[in-house]
Structure formats: C-alpha cells, structure tokens
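Sequence lines, in order, name chains C and F.
Numbered per the numbering used here, the first sequence spans residues 42 to 375.
Numbered per the numbering used here, the second sequence spans residues 339 to 486.
Where is the CB? At the ideal position from N, CA and C, for every residue including glycine.
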Amino acid sequence: MNKMGKQSILYKNKPCVRGGFAVVGPKEGQGNFGRYFQKVLKDDLYGENSYEAAESKMMQMAFWGAVEDAKLQNNDIDVFVAGDLMNQIISSSFAARSFDVPYIGVFGACSTMAESLLIGASLVDGEYCKNVACATGSHFSSVEKQFRYPLELGTQRPPTSQWTVTGAGCTILSNIVGNIYIECATIGQVVDWDVVDVNNMGGAMAPAAAETLKAHFADLGREPDEYDLILTGDLGKMGSEVLLDLCEFNGIKLGNNYSDCGQMMYTSEQKTFMGGSGCGCSASVLNSYVLKRMRLGELKSVLFVATGALMSPVSSQQGNSIPCIAHAVVLKRR
Amino acid sequence: MEDNLRNQRYNAYLQSKMPKTKPLPTLFRAFWVGGIICCFGELCKDLILYYFPSLQADEAGTWELIILIVLAAFFTAIGVFDKVGAYAGAGTIVPITGFSNSITSPAIEFKREGVVFGLMAKMFVIAGPVIVSGVCASILVGLIHYII
Chain C
42 MNKMGKQSIL
52 YKNKPCVRGG
62 FAVVGPKEGQ
72 GNFGRYFQKV
82 LKDDLYGENS
92 YEAAESKMMQ
102 MAFWGAVEDA
112 KLQNNDIDVF
122 VAGDLMNQII
132 SSSFAARSFD
142 VPYIGVFGAC
152 STMAESLLIG
162 ASLVDGEYCK
172 NVACATGSHF
182 SSVEKQFRYP
192 LELGTQRPPT
202 SQWTVTGAGC
212 TILSNIVGNI
222 YIECATIGQV
232 VDWDVVDVNN
242 MGGAMAPAAA
252 ETLKAHFADL
262 GREPDEYDLI
272 LTGDLGKMGS
282 EVLLDLCEFN
292 GIKLGNNYSD
302 CGQMMYTSEQ
312 KTFMGGSGCG
322 CSASVLNSYV
332 LKRMRLGELK
342 SVLFVATGAL
352 MSPVSSQQGN
362 SIPCIAHAVV
372 LKRR
Chain F
339 MEDNLRNQRY
349 NAYLQSKMPK
359 TKPLPTLFRA
369 FWVGGIICCF
379 GELCKDLILY
389 YFPSLQADEA
399 GTWELIILIV
409 LAAFFTAIGV
419 FDKVGAYAGA
429 GTIVPITGFS
439 NSITSPAIEF
449 KREGVVFGLM
459 AKMFVIAGPV
469 IVSGVCASIL
479 VGLIHYII
C-alpha cells in the first residue's frame, strides 16, 4: 500500500513533472510574477467574442505550450485532466474538443490544479498512463459574470474581496525519470466552518487549508521546515494570516517558507484588496514561477496546497455556508 | 455542538480580523461626487426652464431625469461609469444615475447570450427588485389614499 495515514498517498514511481506552461491576462502580467509567465496576453478577450471563449482558448494555449515544453506531441498525451470555475466546466471541455486526447473533467473550484495533479500523478504512478496533462484556468470577467455582478456596474468592492486571476496553467506528468517529480499528495476533506460571506473567500477557505496541512504533516510525520516552500493557492492576504493563526493553534509553525499565490500575485498599486483568486491563480504560479525556480535548483521541495470554495451562486442565495477544500501535492527535485 | 461553538468562535474571530471600510474618506468621496451630479441635474433643469419658459417646473424635472439617465447609460457603455462608481460608491449609485447603470450594465454583459434571453431578460436582474418594490408600494399607497 502506498497510502500514508488517513489522507495521504506516496507515489513510489515518482511521476516526473516533464513540462509546464502558464498564460495570463494583461493585469497579471503587470503583477509580481509578470516576468515568470511564459505568455502574457495583450487583450483579455484574446481575439474571441466572449470571455468564456477566451478562457477556453487560454487553456488550449496552456496545453499546447506545456506539450511543447515537454517535447511531446498531442498524441503522446494519454489523458487530459482539467477543470475550471464555469458551470459544467465548459472551458475545459470546450478546450479538450480540439486536442484529440482522452479527457477527464474534474471540479475542485480553485483547488483544481492540485486536484488534477494528484489524479494525474496517480494515473502515471499506477502505470495506467505514460503522459498526463493536468490543467485549469479562470478568467476575471467570466467569473464576475457568473458569481458576482456585471463588469460595468458602478459598485465598490468590499475590502475583503479578491480579484479572480485571468490565467491558465498546464503541467505534463510523465513516467520518465526526471529531475522534478511529484513525491506525494494529501487529498483534502470538505471543511465548512459556517462562513457565509462570499466576499471573504480567504476566511472561508483557511480552515480547509489548515486541516489539509494538519493531515499532511501527521500522515507523513513531517515538519513544515522540511520544505523550501509551502505555497497555498488563493487565500489572499487575510486568508493567509488566518491560516498562520490556525496552524499555530494546531501546533504547526509555518515560517518564512510559507507563501500564498493570491497574496503575491498583484502589486499593491493594482488595488485588488486581498489579492488574487481563482483556478488560474495557483495554476499559473505553479507552472511558471515554481517550476522555473525548481528547474534552476533554487527550490528543492515544494508543498503546493491549492484551496477551493465549493459553493455556487444558488447555494449562497439560499443562505448556505461555504464548503471548502484543499488538496496538497509535494513537488521535489532530485 | 462542539463544532457549532468552534464555528461561532471562528466567525467572531474573522469579524475582528476583517479590514473595515474607512467611513470618513468614503463619505467624503460619495458626497462630493454625488453633490456634483445633483448640481449638474439642477443646472440642466434651470437651463431647460430658461430656454423653454413654457414648460412647468415638474416637466423640466422629468427632462432633467432623462438627461441624467441617458448620460449615465452613455458613460456605462464607454466603460467610465464603473471606475467613477468604484471611487464614489453611493455618490453615483443613489442619484438616478445608479439606477440607469444598474440596467445598462447587465444589458451590456448579457448581450452575448442573445437579444431576447440575454439582453432583454437579464436587463433587470439588479434593478428588478427596485421596480417591483416601487410598483408594490405605489399600489399600497394608492389604496390607502382611495380609502382615506
């Protein structure tokens, strides 16, 4: 058995991270990770006539970019595992139409990058697939339309709000022996601490991240300082502070090796309040900044914890609280 | 039970940690922008009365509202209104300009889903409740007025 403790799995064949690609919108390009992204769009409509189509096209681009980065062809990919935030995950499915590759659609809200990675790594590790593409993406304008208000509505955003990242990322996992590989993963549980405020996603998701981290360290008998970087997905400024408090309460001391993709995504001049969010947030950071630094050898072990809020506009309108989830994946360099 | 207590504590903790909107700068922005919009409305009304002396004051007031509504719709369409609104908040929402924006913005947003089920159907998603309560209130007031 390669299962560790209650929620974790250890990949004995060490699925290799063979390629990665991130594409982002213009605003993200001006943010803190601007120089790391492989492609920054000049126009967030990306030549399409709707934002939903643009989001799908970004995922296509991430897929082709990652396939090229892995020095493969699309027929070498055995499965495309992807998901996004749109209803019925249309962006992923519509993107998958053009690949001629078997497809598994997944939904984990903003935790989809980690979710698709752990499914992909399991397929490769179990010797069911040679190469798996794991992808996700989000678009600010399509998400605003589905979950919030029209773009041109002249309202003020609350100070706890976050800005959905326009971006997509794709990772190619492979059964070859490579420098960077997925070592293990912790599958998250749905955690709901009765937060109903949809403008405070960081606060709602922090307990899920804390629970997954707790399970991860307990299952594998590790300490936080064994990692060069512990990276959460999109908790934002406030959510990460809450996570630090919750972890401390659980007896886990996260040090300077802790960061959050959402918090770091934008500069303070970009006025995004608590920072970035969305599937594309962690996906784009992982496939650019993290991957590039791992390839350079600056990072040797990364604990990537993508967090997702699993509510829908209907559930929120009916007064339900926000169930959240966090999946953790460990990337290591030999 | 134990979970309930934990959740209550956690929500109270979140409340204490949440950044708050600063009231003074927010009010200042709302009042100066809102004030200018209202002054502009009055100016329109005065000019209408000056150039069309045959009009009654309330008729001029109707024209004033029409001008403000059309201007707000225009500035929504060219993508300026949301930026002013993000700065001024209630200053642009409370005058009739906010009502105009709340109808124009979903119309723009949903026009890609077609004219009937997109634009026309979704036009009132935000302003709808205002119209419904306005109509209901006027019926109620009318009934009371009829009885008295």
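Where residue i falls, given that 16 or more other Cβ within 10 Å makes a residue buried
i: F:LEU481; result: exposed
i: C:ARG374; result: buried
i: C:GLU96; result: buried
i: C:ARG59; result: buried
i: F:THR370; result: Per the sequence presented here, residue 370 of chain F reads as Trp, with Thr not at that position. It is exposed - the Cβ of F:TRP370 has fewer than 16 other Cβ atoms within 10 Å.
i: C:ASP260; result: buried
i: C:TYR55; result: The amino acid occupying residue 55 of chain C in the given sequence is Lys; Tyr does not appear at that position. It is buried - the Cβ of C:LYS55 has at least 16 other Cβ atoms within 10 Å.
i: F:PHE390; result: exposed
i: C:SER49; result: buried
i: F:ILE386; result: buried
i: C:PRO191; result: buried
i: F:VAL473; result: exposed
i: F:ALA410; result: buried
i: F:ILE477; result: exposed
i: C:ASP141; result: exposed
i: C:CYS23; result: Because chain C here runs from 42 to 375, residue 23 of chain C falls outside it and cannot be looked at.
i: C:VAL231; result: exposed
i: F:CYS488; result: Residue numbering for chain F in the displayed model covers 339 to 486; residue 488 of chain F lies beyond these limits and cannot be assessed.
Supposed close pair residue i, residue j - CB separation, criterion 8 Å
i: C:GLY208; j: C:SER325; result: 4 Å
i: C:PRO248; j: C:CYS365; result: 7 Å
i: C:CYS211; j: C:ALA174; result: 6 Å
i: C:MET306; j: C:GLY316; result: 6 Å
i: C:PHE258; j: C:GLU264; result: 7 Å
i: F:GLY423; j: C:GLY195; result: 2 Å
i: C:TYR52; j: C:ALA162; result: 6 Å
i: C:LEU113; j: C:ASN172; result: 6 Å
i: C:THR376; j: C:ASN73; result: The structure shown has nothing for residue 376 of chain C, since chain C only spans 42 to 375.
Beta-carbon proximity check, residue i vs residue j, cutoff 8 Å
i: C:SER133; j: C:GLY146; result: yes
i: C:TRP105; j: F:ASN345; result: no
i: C:LYS68; j: C:GLN311; result: yes
i: C:TRP204; j: C:PHE181; result: yes
i: C:GLY274; j: C:CYS302; result: yes
i: C:LEU164; j: C:VAL370; result: no
i: C:GLY124; j: C:ILE118; result: no
i: F:GLY373; j: F:LYS383; result: no
i: C:ILE213; j: C:ALA111; result: yes
i: C:GLY321; j: C:GLN304; result: no
i: F:LYS355; j: C:VAL283; result: yes
i: F:GLY429; j: C:GLU193; result: no
i: C:TYR268; j: C:ASN298; result: yes
Inter-residue spacing [alpha-carbon to alpha-carbon] between residue i and residue j
i: C:ALA103; j: C:PHE62; result: 5 Å
i: C:ASP84; j: C:TYR92; result: 11 Å
i: F:ALA350; j: C:GLN358; result: 22 Å
i: F:PHE437; j: C:SER323; result: 37 Å
i: C:ALA347; j: C:TYR87; result: 26 Å
i: F:TRP401; j: F:LYS449; result: 28 Å
i: C:ASN115; j: C:GLY319; result: 27 Å
i: C:SER202; j: F:TYR425; result: 16 Å
i: C:GLY46; j: C:HIS368; result: 15 Å
i: C:TYR222; j: C:CYS57; result: 4 Å
i: C:PHE148; j: C:VAL120; result: 16 Å
i: C:MET99; j: C:PHE314; result: 25 Å
i: F:GLU340; j: F:PRO444; result: 44 Å
i: C:LEU295; j: F:VAL408; result: 55 Å
i: C:VAL65; j: F:SER392; result: 59 Å
i: F:ILE434; j: C:LEU372; result: 55 Å
i: C:SER281; j: C:ALA250; result: 9 Å
i: F:VAL463; j: F:GLY452; result: 16 Å
i: C:MET352; j: C:ALA150; result: 9 Å
i: F:LEU394; j: F:LYS358; result: One detail in the question is off: residue 394 of chain F reads as Gln in this sequence, not Leu. Those two C-alpha atoms are separated by around 47 Å.
i: F:LEU403; j: C:VAL355; result: 35 Å
i: C:SER362; j: C:ASN128; result: 19 Å
Residues of the region 166 to 188 of chain C whose Cβ lies closer than 7 Å to any Cβ of chain F, in chain order: LYS186
Members of the region 426 to 448 of chain F near chain C, C-beta cut-off 9 Å: ALA426, GLY427, ALA428, THR430, ILE431, THR435, GLY436, ASN439, SER440, THR442, SER443, PRO444, ALA445, ILE446, GLU447 and PHE448
Cβ-based contacts, 7 Å cut-off: residues of the region 384 to 413 of chain F near chain C: none
Against chain C: residues of the region 339 to 352 of chain F by CB proximity under 9 Å: ASP341, ASN342, ARG344, ASN345, GLN346, TYR348, ASN349, TYR351 and LEU352
Proximal residues, the region 301 to 326 of chain C versus chain F, C-beta separation under 9 Å: LYS312, PHE314 and MET315
Proximal residues, the region 453 to 473 of chain F versus chain C, C-beta separation under 9 Å: LYS460, VAL463 and ILE464
Chain-ordered residues of the region 228 to 242 of chain C with a beta carbon less than 9 Å from chain F: ASP233, TRP234, ASP235, VAL236, VAL237, ASP238 and ASN241
Within 8 Å of chain F by C-beta, residues of the region 83 to 110 of chain C in sequence order: ASN90 and SER91
Contact set between the region 190 to 221 of chain C and chain F, restricted to residues whose Cβ is under 8 Å from the partner: TYR190, PRO191, LEU192, GLU193, LEU194, GLY195, THR196, GLN197, ARG198, PRO199, PRO200 and THR201
Contacting positions in the region 242 to 271 of chain C - beta carbon closer than 8 Å to chain F: GLY244 and PRO248
Against chain F: residues of the region 148 to 162 of chain C by CB proximity under 8 Å: none
Interfacial residues, the region 283 to 303 of chain C to chain F, with Cβ spacing under 7 Å: VAL283
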